[in-house]
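Enquirer: Note that the sequence shown covers residues 15 to 436 in the numbering used here.
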Amino acid sequence: MGPSDGDKVEGSSSGAGEDLRECEIEGKMEGSVDQISHLALDIGGSLVKLVYFKGNNNCSDDDKKGERIGFSNGSGTYPILDGRLHFAKFETSKINECIDFIYSRQLHRGGCWHHEAPVSENTIIKATGGGAYKFADLFKEKLGVGLDKEDEMDCLVAGANFLLKAVHHEAFTYMDGQKEFVQIDHNDLYPYLLVNIGSGVSMIKVDGDGKFERVSGTSVGGGTFWGLGRLLTKCKSFDELLELSHRGNNRVIDMLVGEIYGGMEYAKIGLSSTTIASSFGKAISENKELEDYRPEDVARSLLRLISNNIGQISYLTALRFGLKRIFFGGFFIRGHAYTMDTISVAVHFWSKGEAKAMFLRHEGFLGALGAFMSYEKHGLDDLMLRLERFPISETYSGGKIHSPLPGDFNDHESIECRVYAT
Ligand SMILES: Nc1ncnc2c1ncn2[C@@H]1O[C@H](COP(=O)(O)OP(=O)(O)O)[C@@H](O)[C@H]1O
Ligand SMILES: CC(C)(COP(=O)(O)O)[C@@H](O)C(=O)NCCC(=O)O
Numbered sequence: 015m016g017p018s019d020g021d022k023v024e025g026s027s028s029g030a031g032e033d034l035r036e037c038e039i040e041g042k043m044e045g046s047v048d049q050i051s052h053l054a055l056d057i058g059g060s061l062v063k064l065v066y067f068k069g070n071n072n073c074s075d076d077d078k079k080g081e082r083i084g085f086s087n088g089s090g091t092y093p094i095l096d097g098r099l100h101f102a103k104f105e106t107s108k109i110n111e112c113i114d115f116i117y118s119r120q121l122h123r124g125g126c127w128h129h130e131a132p133v134s135e136n137t138i139i140k141a142t143g144g145g146a147y148k149f150a151d152l153f154k155e156k157l158g159v160g161l162d163k164e165d166e167m168d169c170l171v172a173g174a175n176f177l178l179k180a181v182h183h184e185a186f187t188y189m190d191g192q193k194e195f196v197q198i199d200h201n202d203l204y205p206y207l208l209v210n211i212g213s214g215v216s217m218i219k220v221d222g223d224g225k226f227e228r229v230s231g232t233s234v235g236g237g238t239f240w241g242l243g244r245l246l247t248k249c250k251s252f253d254e255l256l257e258l259s260h261r262g263n264n265r266v267i268d269m270l271v272g273e274i275y276g277g278m279e280y281a282k283i284g285l286s287s288t289t290i291a292s293s294f295g296k297a298i299s300e301n302k303e304l305e306d307y308r309p310e311d312v313a314r315s316l317l318r319l320i321s322n323n324i325g326q327i328s329y330l331t332a333l334r335f336g337l338k339r340i341f342f343g344g345f346f347i348r349g350h351a352y353t354m355d356t357i358s359v360a361v362h363f364w365s366k367g368e369a370k371a372m373f374l375r376h377e378g379f380l381g382a383l384g385a386f387m388s389y390e391k392h393g394l395d396d397l398m399l400r401l402e403r404f405p406i407s408e409t410y411s412g413g414k415i416h417s418p419l420p421g422d423f424n425d426h427e428s429i430e431c432r433v434y435a436t
């Protein structure tokens with residue numbers, strides 16, 4: 015059983031049709047920036063996410079001599095480099111494309127082709143996710159850099175906390191096709207449940223900066239949707255599968271309460287006639303083969319099944335720890351209306367309206383952002399990198415969010431902020 019199988023929600027999937035997502039955050043960086051790449055990676059089971067800083071005048075002689083503005087932090091004066099944080103992603107199965115991308119932009123050496131010196135033996139890139147272990151040798155071999163491994167859960171939490179505190183209009187609710195941005199009160203952010211829906215799903219109770227516990231998880235996640243969906247529909251890409259689901263009708267395959275109860279609801283236990291009684295349940299009772307179902311309907315049922323299930327487990331986990339707010343991240347969501355709506359309805363249904371599902375506009379980059387920010391923790395020589403943690407649009411002169419608010423996050427979004435090292 016599950017939440018009511020309400021009307022279909024229409025909406026677009028931001029970024030559909032794109033394998034590579036690139037977007038950017040404007041910022042400033044201060045310090046001795048020559049030695050490290052200012053690139054961080056989250057190499058997951060399905061996707062590699064990149065966050066990198068690029069100075070506006072990177073590599074020019076001007077940049078080296080004068081463009082950096084003096085900054086004093088009490089123990090010395092440090093130069094400032096204006097620039098932007100860029101975001102990109104690749105399929106993990108095409109890791110070589112990612113390495114080519116890094117090489118073509120010389121991201122592992124701060125974007126500079128004309129540095130005479132070869133990549134230093136000690137050059138490292140902050141990396142998180144399982145691929146930081148799996149592909150360490152490949153990065154050494156192809157780019158001559160080491161991957162400095164950061165814990166995945168640490169990075170997810172650091173990325174989420176940063177986004178929630180520093181990026182205006184980062185979190186939003188989505189219900190019945192309505193998107194509403196959530197005003198985050200910095201003094202009342204914790205505790206919350208972070209549900210990261212990547213290949214698998216991690217559920218993390220967050221109590222503060224660096225204070226968290228991974229309290230649950232499920233292997234039925236984004237990889238399940240994409241993997242099963244690919245087998246069942248023969249789709250060639252994740253975006254194609256999402257597009258299909260957009261056009262499908264899950265009632266063709268899902269068995270509803272009304273179909274078991276002769277058109278009636280089961281009011282005594284709170285089930286309407288349109289509640290899904292059994293996901294994919296109709297497929298057993300009809301004399302049909304897979305080919306007899308439209309791939310659109312299969313994709314729709316599958317998306318519904320996975321999203322409902324995650325919504326339900328998330329709610330139960332939140333209930334277990336008395337948490338009212340649940341933030342969902344991970345690239346499974348992909349800003350997709352139907353996914354978000356299904357998760358929201360599930361949380362609403364099971365919590366009887368007590369708990370709230372919220373989504374993050376930079377959903378898939380939590381880990382990579384957290385890894386990027388970890389340069390701060392592990393200063394290299396005298397360099398530490400830090401992202402300012404206050405509402406960017408209010409503190410950066412002339413700063414404002416360039417994203418197409420209040421619309422969907424898209425592939426070329428740019429958010430101004432200040433990035434600096436002390
Ligand atoms: N272009 C894409 N290719 C593959 N999967 C995608 C794509 N876009 C979104 N996804 C979904 O996102 C999931 C991966 O999310 P992500 O947060 O990057 O997790 P991971 O760290 O495990 O790679 C996939 O399992 C799939 O459901
Ligand atoms: C192992 C993982 C942390 C890896 O992260 P991912 O690449 O899926 O983002 C994640 O897949 C996960 O939490 N899986 C669920 C395992 C479980 O709790 O059953």
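Every residue gets a Cβ at the ideal spot worked out from N, C-alpha and C, and that includes glycine.
Is M278 helix, strand or coil by DSSP?
Expert: Coil at M278, not helix or strand.
Enquirer: May I ask you to check if the CB of T356 is nearer than 7 Å to at least one heavy atom of ligand 1?
Expert: No.
Enquirer: So, for G412: in the same chain, excluding its five sequence neighbours on each side, which residues have a beta-carbon less than 7 Å away from its beta-carbon?
Expert: With a pLDDT of 27 at G412, under the threshold of 50, the predicted position of this residue should be treated as unreliable, though the coordinate-derived value follows. Hits under 7 Å: none found.
Enquirer: Would the beta-carbon of T106 fall within 8 Å of that of L61?
Expert: The answer is yes: Cβ separation under 8 Å.
Enquirer: CB-CB under 6 Å to D33, same chain, minus the five flanking residues each way: which ones, in chain order?
Expert: Low confidence applies to D33: its pLDDT is 35, below 50, so where it sits in the model is not reliable, and the reading given next is rough at best. Once the five neighbours on either side are set aside, D33 has no close Cβ partner at all.
Enquirer: Quick one: using the 10 Å Cβ neighbour count with 16 as the cut-off for buried, is E377 buried or exposed?
Expert: It counts as buried.
Enquirer: Going by DSSP in three states, S315 sits in which element: helix, strand or coil?
Expert: The answer is helix: DSSP assigns S315 an H, G or I state.
Enquirer: Reducing DSSP to helix, strand and coil, say where D253 ends up.
Expert: D253: helix per DSSP, three-state reduction.
Enquirer: So for K179, helix, strand or coil by DSSP?
Expert: Note: K179 maps to helix in three-state DSSP.
Enquirer: Where N301 and S230 are concerned, what is the direct C-alpha to C-alpha distance, given to the nearest angstrom?
Expert: Between N301 and S230, the C-alpha separation is close to 39 Å.
Enquirer: Per DSSP, K108 is paired with what?
Expert: In the DSSP output, where bridge partners are listed per residue, K108 has none listed.
Enquirer: Any chance the CB of F107 is under 7 Å from a heavy atom of ligand 2?
Expert: Strictly speaking, residue 107 in this sequence is Ser, with Phe absent from that position. No.
Enquirer: Are three or more beta carbon pairs between the stretch 143-159 and the stretch 101-117 nearer than 8 Å?
Expert: Touching, yes, given that three or more Cβ pairs across the two stretches are closer than 8 Å.
Enquirer: Is it buried or exposed for H200, if we count other Cβ within 10 angstroms and need 16 for buried?
Expert: Exposed, since its Cβ has fewer than 16 Cβ neighbours within 10 Å.
Enquirer: Would you list, in sequence order, the uninterrupted beta strand (DSSP E) runs of no fewer than 3 residues that lie entirely inside the stretch 191-219?
Expert: Listed in chain order, the complete beta strand (DSSP E) runs (minimum 3 residues) inside the stretch 191-219 are 192-195 and 206-211.
Enquirer: Residues in the same chain with beta-carbon distance under 7 Å from I274, minus the five sequence neighbours each way, listed in chain order, please.
Expert: Cβ within range, chain order: A291.
Enquirer: What would DSSP say about Y188, mapped onto helix, strand or coil?
Expert: Here Y188 sits in strand by DSSP.
Enquirer: Suppose the cutoff is 7 Å on Cβ atoms and the five residues either side in sequence are ignored; what does the same chain contact list for K219 look like?
Expert: The answer, listed in chain order, is P205, L207, F226, E227, V229, F335 and L337.
Enquirer: Using the three-state DSSP reduction, which class does I267 fall into: helix, strand or coil?
Expert: I267 falls in the coil class under three-state DSSP.
Enquirer: Using 10 angstroms around the beta-carbon of E257, count the other beta-carbons present and answer buried if the total reaches 16, otherwise exposed.
Expert: Classification of E257: buried, given that the 10 Å Cβ count is 16 or more.
Enquirer: State the Cα-Cα distance for the pair E166 and S388, rounded to the nearest angstrom.
Expert: Going by the C-alpha atoms only, they are around 11 Å apart.
Enquirer: Going by alpha carbons, who is nearest to D202 out of G325, S299, H52 and D223?
Expert: Nearest C-alpha to D202: D223.
Enquirer: Can the beta-carbon of G58 be found closer than 8 Å to that of G144?
Expert: Result yes, Cβ atoms of G58 and G144 sit closer than 8 Å.
Enquirer: Per DSSP, S292 is paired with what?
Expert: BP columns for S292 point to M269.
Enquirer: What did DSSP end up calling T238 once you bin it into helix, strand or coil?
Expert: Looking at T238 - three-state DSSP - the assignment turns out to be helix.
Enquirer: On the DSSP letters alone, give me the boundaries of the beta strand (DSSP E) that S230 sits inside.
Expert: From DSSP, the beta strand (DSSP E) with S230 extends over K225 to T232.
Enquirer: Determine the closest residue to F294 out of K282, L317 and V181, with distance taken between C-alpha atoms.
Expert: Selected option, being the one with the closest Cα: L317.
Enquirer: Going by CA-CA distance only, name the one from Y329, M189 and K163 that's closest to T437.
Expert: There is no way to answer for residue 437, as the model of the chain reaches only from 15 to 436.
Enquirer: Please classify A281 as buried or exposed, where buried requires at least 16 neighbouring CB atoms within 10 angstroms.
Expert: Counting Cβ neighbours within 10 Å, A281 comes out exposed, since fewer than 16 surround it.
Enquirer: Just to confirm, does R334 get its C-beta within under 7 Å of one of the non-hydrogen atoms of ligand 1?
Expert: False, no ligand heavy atom lies under 7 Å from that Cβ.
Enquirer: Nearest by alpha-carbon distance to N322: which of H122, G344, H182 and S358 is it?
Expert: The option with the nearest alpha carbon to N322 is S358.
Enquirer: Is the shortest distance between the beta-carbon of Q120 and the beta-carbons of chain D less than 8 Å?
Expert: Among the chains in the structure shown there is no chain D, since it carries only a single protein chain.
Enquirer: Which of helix, strand or coil does DSSP assign to A369?
Expert: Looking at A369 - three-state DSSP - the assignment turns out to be coil, as it is neither helix nor strand.
Enquirer: Tell me which residues pass a beta-carbon proximity test against ligand 2: closer than 5 Å to any heavy atom, given in chain order.
Expert: Taken from the N-terminal end onward, the list reads G58, G59, G212, S213, G214, S216, G231 and S233.
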